[in-house]
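First the structure, in the form of structure tokens, and then the observations on it.
In the working numbering, the protein residues as written are 132 to 438.
If you want it as structure tokens, here you go:
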């Protein structure tokens, strides 16, 4: 009890900044439609994941189903990387939230945030996953779905201290085509790549497409969108994406190389040969062989189509 009182009395640095310099942030916010699953023993991770995944995906994910994805019995808990991987295998965008202001921005935008806390001490940890669903800046309060509590109201400073001891780890889990409220291009593209690596090409394409809308001059986003569309069998869409990538970075042989494959699959063999030839010309000295191989393959494919 003494420790709790001490933490309550001492505002964390992020909380202090929010109380003095966040006039652009709504005074209060609470996310609607977030389901509540009362945590079973050692299942705080599965319960929290099930809540945010059900909210984001539309289809219910039970606590037991989530446990099969993330729970490690001999550790009696769930690893953070498994939580991220499970969300992405479900076809959902999972993006890190790195500070308290960003967490409140997500809540204000109507996005619940999965958070990782240490409710114990640094030397006697008590790891715990919760779902942040709202805040009241005027009361310095944060609202959580946590363990047996459907709506736990906690002091923002206390939360900051417990979150700090969890290395400020948090995750916003969204439908693949929806972007976080405030984030950076690198985190968004890495989250989309996670979907791609999980075998969700269509979800990855949606995620990359939303990135191109926020960062329309991003060569990396357009290039990645082309790859995802190609993997999803959308060859015409892949060609459009790679064409945009070549416009943004005309000297990139990889963009021209991949454009060639997309064009030939989209039924544009003449343009495919031209793109492959351009890739060979742009290849670094001594590294032309993979691009020449593409050109040869394009010639064979177009000859087969013509025959």
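Glycine included, each C-beta is placed from N, C-alpha and C at the ideal position.
Distance, residue j Cα to residue i Cα
{"i": "residue 231", "j": "residue 300", "result": "11 angstroms"}
{"i": "residue 155", "j": "residue 288", "result": "20 angstroms"}
{"i": "residue 308", "j": "residue 177", "result": "24 angstroms"}
{"i": "residue 120", "j": "residue 402", "result": "Residue 120 lies beyond the stretch modelled for the chain, which goes from 132 to 438, so this question has no answer here."}
{"i": "residue 252", "j": "residue 170", "result": "22 angstroms"}
{"i": "residue 202", "j": "residue 210", "result": "8 angstroms"}
{"i": "residue 268", "j": "residue 158", "result": "5 angstroms"}
{"i": "residue 368", "j": "residue 350", "result": "16 angstroms"}
{"i": "residue 274", "j": "residue 195", "result": "25 angstroms"}
{"i": "residue 167", "j": "residue 396", "result": "47 angstroms"}
{"i": "residue 271", "j": "residue 286", "result": "6 angstroms"}
{"i": "residue 373", "j": "residue 179", "result": "38 angstroms"}
{"i": "residue 245", "j": "residue 315", "result": "19 angstroms"}
{"i": "residue 405", "j": "residue 320", "result": "29 angstroms"}
{"i": "residue 337", "j": "residue 199", "result": "27 angstroms"}
{"i": "residue 262", "j": "residue 370", "result": "40 angstroms"}
{"i": "residue 264", "j": "residue 280", "result": "12 angstroms"}
{"i": "residue 384", "j": "residue 254", "result": "53 angstroms"}
Exposed unless 16 or more other CB atoms sit within 10 angstroms - verdict on residue i
{"i": "residue 344", "result": "exposed"}
{"i": "residue 192", "result": "buried"}
{"i": "residue 146", "result": "buried"}
{"i": "residue 330", "result": "exposed"}
{"i": "residue 358", "result": "buried"}
{"i": "residue 205", "result": "exposed"}
{"i": "residue 282", "result": "exposed"}
{"i": "residue 236", "result": "buried"}
{"i": "residue 136", "result": "Since pLDDT at residue 136 reaches only 31, below the 50 mark, its modelled position is unreliable, and the value read off the structure follows with that caveat. It is exposed - the Cβ of residue 136 has fewer than 16 other Cβ atoms within 10 Å."}
{"i": "residue 347", "result": "exposed"}
{"i": "residue 186", "result": "buried"}
{"i": "residue 394", "result": "buried"}
{"i": "residue 248", "result": "buried"}
{"i": "residue 365", "result": "buried"}
{"i": "residue 418", "result": "exposed"}
Strand pairing of residue i, partner residues [DSSP]
{"i": "residue 276", "result": "262"}
{"i": "residue 172", "result": "Looking at the DSSP assignment, residue 172 forms no beta bridge with any residue, so it has no partner."}
{"i": "residue 208", "result": "203"}
{"i": "residue 358", "result": "Paired residue(s): none; residue 358 is not in a bridge."}
{"i": "residue 249", "result": "258"}
{"i": "residue 226", "result": "303"}
{"i": "residue 244", "result": "263 and 303"}
{"i": "residue 161", "result": "265"}
Proximity to residue i [Cα-Cα], best of the options
{"i": "residue 407", "options": "415, 389 and 399", "result": "389"}
{"i": "residue 411", "options": "429, 400 and 398", "result": "429"}
{"i": "residue 375", "options": "397, 363 and 352", "result": "352"}
{"i": "residue 298", "options": "399, 228 and 391", "result": "228"}
{"i": "residue 223", "options": "144, 183, 431 and 397", "result": "183"}
{"i": "residue 327", "options": "316, 339 and 317", "result": "339"}
{"i": "residue 148", "options": "263, 291 and 417", "result": "291"}
{"i": "residue 258", "options": "333, 173 and 383", "result": "173"}
{"i": "residue 312", "options": "424, 241, 323 and 215", "result": "241"}
{"i": "residue 277", "options": "265, 293, 260 and 266", "result": "260"}
Residue-level contact to chain C via CB, residue i, 7 angstroms cutoff
{"i": "residue 146", "result": "Judged by its chain identifiers, the structure shown contains no chain C, having just a single protein chain."}
Residue i Cβ short of 6 angstroms to the ligand ZN heavy atom set
{"i": "residue 339", "result": "Although the ligand ZN was asked about, the structure shown includes no ligands whatsoever."}
Curious, which full-length alpha helix (DSSP H) runs of at least 4 residues does the region 380-410 contain? 384-396
In the region 269-347, which residue ranges form an unbroken alpha helix (DSSP H) of at least 4 residues, counting only runs that do not cross its ends? 287-295, 316-328 and 332-345
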